[in-house]
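Sequence lines, in order, name chains A and B.
For the record, in the first sequence the residue sitting at position 122 is 121 according to numbering that gives the first Met the number 0, with numbers rising by one throughout.
For the record, in the second sequence the residue sitting at position 11 is 10 according to numbering that gives the first Met the number 0, with numbers rising by one throughout.
For glycine and all other residues, C-beta sits at the position ideal for the given N, C-alpha and C.
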Amino acid sequence: MNQNEKIQEELLIISEVVANIPKCNVFEVSEGYFSNASAEILIKCADSSVFETPETYFEQLPEIILDKIKNADSAENENLILSTQEKQHPYTIPNNYFETLPDNILQAVKGPAKVISISKNQIWIKLVAAVLVGLIGFVIIINLPKKQDEGISAIEKEAKKIILNKSFESEFEQIDEKEMANYLEENGHDVNAALVASLNEDEISLDNDELMYDEEAVDHYLTDLKTSPKFN
Amino acid sequence: MINPNDDNDLVFQFKNDLNKEVAFTHIIKKYQERLYWHIRRMVVEHENANDVLQNVFIKVWKGLINFREDSKLYTWLYKIATNECLTFIASQNKRKSVSFSDEESNLSNKIVADQHFDANKLEWKLQLAIQKLPEKQRVVFLLRYYDEMPYGEMSAVLETSEGALKASYHHAVKKIEDFILNH
Numbered sequence: 000m001n002q003n004e005k006i007q008e009e010l011l012i013i014s015e016v017v018a019n020i021p022k023c024n025v026f027e028v029s030e031g032y033f034s035n036a037s038a039e040i041l042i043k044c045a046d047s048s049v050f051e052t053p054e055t056y057f058e059q060l061p062e063i064i065l066d067k068i069k070n071a072d073s074a075e076n077e078n079l080i081l082s083t084q085e086k087q088h089p090y091t092i093p094n095n096y097f098e099t100l101p102d103n104i105l106q107a108v109k110g111p112a113k114v115i116s117i118s119k120n121q122i123w124i125k126l127v128a129a130v131l132v133g134l135i136g137f138v139i140i141i142n143l144p145k146k147q148d149e150g151i152s153a154i155e156k157e158a159k160k161i162i163l164n165k166s167f168e169s170e171f172e173q174i175d176e177k178e179m180a181n182y183l184e185e186n187g188h189d190v191n192a193a194l195v196a197s198l199n200e201d202e203i204s205l206d207n208d209e210l211m212y213d214e215e216a217v218d219h220y221l222t223d224l225k226t227s228p229k230f231n
Numbered sequence: 000m001i002n003p004n005d006d007n008d009l010v011f012q013f014k015n016d017l018n019k020e021v022a023f024t025h026i027i028k029k030y031q032e033r034l035y036w037h038i039r040r041m042v043v044e045h046e047n048a049n050d051v052l053q054n055v056f057i058k059v060w061k062g063l064i065n066f067r068e069d070s071k072l073y074t075w076l077y078k079i080a081t082n083e084c085l086t087f088i089a090s091q092n093k094r095k096s097v098s099f100s101d102e103e104s105n106l107s108n109k110i111v112a113d114q115h116f117d118a119n120k121l122e123w124k125l126q127l128a129i130q131k132l133p134e135k136q137r138v139v140f141l142l143r144y145y146d147e148m149p150y151g152e153m154s155a156v157l158e159t160s161e162g163a164l165k166a167s168y169h170h171a172v173k174k175i176e177d178f179i180l181n182h
């Protein structure tokens with residue numbers, strides 16, 4: 000089936016009415032039109048190329064202009080474009096921005112006020128309590144499985160009772176200060192070092208200088224830090 | 000020696016400036032009638048068709064040197080002719096400040112004004128129906144119905160998918176059928 004037959008068949012499927020219209024040219028042209036057309040067109044083609052430019056003229060033009068600019072006085076040309084531009088910021092800022100900026104920065108730096116307890120006694124008590132509970136708990140945990148059958152010593156029993164009842168604060172109040180001081184003198188390295196580490200510049204006062212200068216305490220603390228898995 | 004039946008040879012001769020004008024003349028003679036009638040069915044009047052045809056070949060003269068030969072020469076020529084027709088129609092409408100519906104009636108009036116026009120004849124009714132079609136559908140119908148162009152080639156000319164062209168042709172035929180049955 001040739002192209003003509005295919006198209007006719009396609010048309011017949013879509014519309015019999017249109018397929019049955021005689022296919023002919025209703026328009027006419029003057030005699031000799033096509034014989035003369037090519038000559039007329041050639042003349043027009045020749046006319047259309049009166050004003051000609053070299054083939055790659057427009058492609059090379061930007062480069063030519065740029066070279067001329069570069070070859071001219073460099074100082075003048077560098078400023079040529081810049082000097083014709085007004086120095087204007089395209090961006091805008093809120094009113095009074097620079098006036099309020101220092102205050103805004105200070106507020107951001109200071110942050111919200113924190114309520115810090117300045118009672119030295121409270122710091123001492125909390126740290127000492129934490130260390131004692133930790134030590135006692137550690138001892139109990141280590142020894143409990145082994146001595147379960149053999150019975151727990153009186154101190155360990157008491158410690159266990161305190162931990163379970165969460166009553167170390169009330170128990171603590173009952174401890175004699177002298178006894179506490181003696182204990183700390185014998186076992187105070189870790190407590191001193193912890194105190195030094197916990198104090199920030201505001202909290203360090205002249206009275207606490209002795210903590211800072213307790214080299215043994217600091218060394219001991221730093222050694223612990225190095226060996227702590229948290230910092231390795 | 001130029002082979003006027005071989006488009007590739009004609010293009011080669013033109014591009015290499017060997018027998019540029021001779022090659023170009025061969026191209027005109029080979030395709031002028033086909034292109035003319037395609038243009039004439041779009042713009043209706045001979046004077047306008049002549050202007051458009053000449054513009055088409057002037058463009059071919061200037062552009063053939065850069066023709067990439069991705070498609071056939073004949074497809075490329077039809078593409079230029081179709082674009083020139085649409086540009087011409089648009090410029091005519093702009094000049095006269097006519098709307099789309101006015102453009103149809105304008106071309107229909109030109110058909111009716113033809114000295115050989117006969118309203119009783121189906122072939123004249125067909126011309127009136129064709130002018131009622133939207134531009135793109137008109138082009139599709141003319142290329143398929145009169146030039147018997149395969150959809151594959153039409154796709155290259157109009158840069159539209161074959162599926163869309165088939166649908167467009169189907170709609171065009173249905174609209175023509177409707178017009179003929181009701182007028």
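Residue i, enclosing alpha helix (DSSP H) - first and last residue
| i | result |
| --- | --- |
| B:R143 | 134-144 |
| B:N54 | 45-62 |
| B:M216 | With chain B represented from 0 up to 182, any question about residue 216 of chain B goes unanswered, as that position is not in the structure. |
| A:Q173 | Per DSSP, A:Q173 belongs to no alpha helix (DSSP H) and is neither H nor E. |
| B:D16 | Careful: B:D16 lies outside any alpha helix (DSSP H) and carries neither H nor E. |
| B:S70 | Neither: B:S70 is in no alpha helix (DSSP H) and is coded neither H nor E. |
| B:H206 | Shown here, chain B extends from 0 to 182; a query on residue 206 of chain B therefore has no answer. |
| B:E234 | As shown, chain B starts at 0 and ends at 182. That puts residue 234 of chain B outside it, with no answer to give. |
| A:E30 | No alpha helix (DSSP H) contains A:E30, which DSSP labels as neither H nor E. |
| A:N3 | 2-13 |
| B:K124 | 121-131 |
Assigned exposure category for residue i - 16 Cβ within 10 Å defines buried
| i | result |
| --- | --- |
| B:Q31 | buried |
| A:D206 | Since pLDDT at A:D206 reaches only 49, below the 50 mark, its modelled position is unreliable, and the value read off the structure follows with that caveat. Exposed, since its Cβ has fewer than 16 Cβ neighbours within 10 Å. |
| A:K156 | exposed |
| A:C23 | exposed |
| A:Y96 | exposed |
| A:M0 | exposed |
| B:M0 | exposed |
| A:D218 | exposed |
| B:I27 | buried |
| B:V111 | exposed |
| A:E209 | Legend: pLDDT at A:E209 = 49, less than 50; position of this residue unreliable, value from coordinates given subsequently. Exposed. |
| A:I203 | Low per-residue confidence applies at A:I203: pLDDT is 48, beneath 50, and the placement is therefore not dependable enough to give any value. |
| B:D146 | buried |
| A:N59 | Checking the displayed sequence, the identity of residue 59 of chain A turns out to be Gln instead of Asn. Exposed, by the Cβ-count rule. |
| A:F137 | exposed |
| A:D175 | exposed |
| B:Q188 | Chain B is shown only over 0 to 182; residue 188 of chain B falls outside these bounds and no answer can be derived. |
| A:S14 | buried |
Neighbouring residues, chain B, relative to residue i (Cβ below 8 Å)
| i | result |
| --- | --- |
| A:N24 | W36 |
| A:N35 | By Cβ distance, chain B contributes nothing, its closest Cβ being about 11 Å from A:N35, past 8 Å. |
| A:N103 | Within chain B, no residue comes near A:N103; the closest Cβ sits about 59 Å away, beyond 8 Å. |
| A:P21 | L121, E122 |
CA nearest to the CA of residue i, picked from the options
| i | options | result |
| --- | --- | --- |
| B:L85 | B:L164, B:K28, B:H37 | B:H37 |
| B:K135 | B:A166, B:W123, B:I57 | B:A166 |
| B:E161 | B:H169, B:Y150, B:A171 | B:Y150 |
| B:A171 | B:M153, B:E152, B:L132 | B:L132 |
| A:Q173 | A:G136, A:K159, A:A128 | A:A128 |
| A:I124 | A:M179, A:N103, A:I135, A:I141 | A:M179 |
| A:N164 | A:I141, A:V132, A:I64, A:S14 | A:V132 |
| A:Q7 | B:F140, B:D177, B:S70 | B:F140 |
| A:A38 | B:A48, B:F56, B:R40 | B:F56 |
| B:L106 | B:K120, B:K61, B:A89 | B:A89 |
| A:N19 | B:E44, B:L17, B:Q130, B:L125 | B:L125 |
| A:L246 | B:K174, B:W60, B:E44, B:R40 | The displayed coordinates of chain A run from 0 to 231. Any statement about residue 246 of chain A would go beyond what the structure contains. |
| B:L127 | B:E152, B:F178, B:R94 | B:F178 |
Residues of its chain near residue i, where Cβ-Cβ distance is below 7 Å and the 5 sequence neighbours each way are ignored
| i | result |
| --- | --- |
| B:V51 | I38, V42, E83, C84, F87 |
| B:V10 | L63, F66, E68, L72 |
| B:D8 | I1, N2 |
| B:N54 | E83 |
Neighbourhood of residue i by C-beta, 8 Å cutoff - its chain only, sequence neighbours within 5 removed
| i | result |
| --- | --- |
| B:V156 | T74, Y77, K78, T81, L142, M148 |
| B:H25 | I1, P3, L9 |
| B:F13 | K19, A22, F23, I26, L63, I64 |
8 Å Cβ cut-off: residues of chain A touching residue i
| i | result |
| --- | --- |
| B:F87 | Those do not exist, as B:F87 stays about 16 Å from chain A at its closest Cβ, beyond 8 Å. |
| B:W123 | V25 |
| B:L180 | V16 |
| B:T24 | S37, L41 |
| B:R137 | Near B:R137 there are no residues of chain A at all, since even the closest Cβ is about 14 Å away, more than 8 Å. |
Cross-chain neighbours of residue i in chain A, by beta carbon under 9 Å
| i | result |
| --- | --- |
| B:T81 | Those do not exist, as B:T81 stays about 18 Å from chain A at its closest Cβ, beyond 9 Å. |
| B:F56 | A36, S37, I40, L41, K43, C44 |
| B:R143 | I6, E9, L10 |
Contacts of residue i in chain B (Cβ-Cβ under 9 Å)
| i | result |
| --- | --- |
| A:Q59 | Within 9 Å Cβ-Cβ: nothing; A:Q59 doesn't reach chain B, min ~17 Å. |
| A:L11 | Ordered by position in chain B, no residue passes the 9 Å Cβ test against A:L11, which lies about 10 Å from the chain. |
| A:N3 | E147 |
Under 7 Å by beta carbon: chain A residues contacting residue i
| i | result |
| --- | --- |
| B:W60 | C44 |
| B:E176 | S14, V16, V17 |
| B:K93 | By Cβ distance, chain A contributes nothing, its closest Cβ being about 23 Å from B:K93, past 7 Å. |
Sequence-distant residues of its chain with Cβ nearer than 6 Å to residue i (five each side left out)
| i | result |
| --- | --- |
| B:K58 | I79 |
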